[in-house]
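Under numbering that gives the first Met the number 0, the first residue of the sequence shown is numbered 0, with each subsequent residue one higher. All C-beta atoms, glycine included, are put in the ideal place defined by N, C-alpha and C. What follows is a short report on a single structure.
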Amino acid sequence: MENQKVIIRVMTMEDFDEVHALWMEIHGFGIRSIDDSREGVERFLRRNPTTSMAAVADGKIVGAILCGHDGRRGCLYHVCVREAYRKHGIGQKLVQACMEALKSEQINKVNLIAFKKNEVGNRFWQGLGWTFREDVNYYECIINEDNVTIYNP
């Protein structure tokens, strides 16, 4: 990483191609065929216009978080930083910006899912002091079978 300043800003649809390309280069990253399409992300950002963030360094997006809420609880999705830019506090700054955006919308609690096999991600969240919950079970019901998850190698 060059010694240039990292800018954390609200993500917009103009960022989609670059953010999607970033998602595709992250090892083990899961992309949903519908939810993570251009139309799916546009729908998400329309519903949550101020809470998703992008990190820009060296003239390109090097990190991103989709962040939204339902009026009661916030949720972080697709938290990622380009590998060459990790260990410089970018992920932490992205999370902090999302938390501040949620707080300004009077959201008091935030959840996320980290896959058990995602060792890098789990270490990141533990390092930030997030609480691992053993008292809940996570359930999922697929409404649209066409919305499949494809994992990057």
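Y150 versus D14: straight-line alpha-carbon distance, rounded: Distance between the alpha carbons of Y150 and D14 is about 22 Å.
For G58 and C66, believed in contact at Cβ under 8 Å, the rounded distance: No, C66 and G58 are not in contact; Cβ-Cβ is about 24 Å, not under 8 Å.
Closest by C-alpha distance to L107, when choosing among R71, D134, W22 and I60: This sequence places Asn at residue 107; Leu is not what is there. Nearest C-alpha to N107: R71.
Element boundaries [alpha helix (DSSP H), containing R45]: Its alpha helix (DSSP H) spans residues R37 to R46.
Contact belief for T49 with A100 at Cβ below 8 Å, rounded distance in angstroms: With a contact defined as Cβ atoms closer than 8 Å, T49 and A100 qualify at about 5 Å.
C-beta atoms of I64 and L93 nearer than 8 Å: For the pair I64 and L93, the CB atoms are nearer than the 8 Å cut-off.
Alpha carbon of N110 to alpha carbon of L75, nearest angstrom: Taking the straight line joining both Cα atoms gives about 7 Å.
Straight-line Cα distance separating R8 from Q125: Taking C-alpha positions only, Q125 is separated from R8 by approximately 24 Å.
First through last residue of the beta strand (DSSP E) which encompasses R31: Note, R31: beta strand (DSSP E), G29 to R31.
Other residues of its chain near N117: CB distance less than 7 Å, five sequence neighbours each side excluded: Around N117: G27.
Residues near I6 in its chain [Cβ-Cβ closer than 6 Å; skip 5 each side]: For I6, where only same-chain residues beyond five positions count, the Cβ hits under 6 Å are V55.
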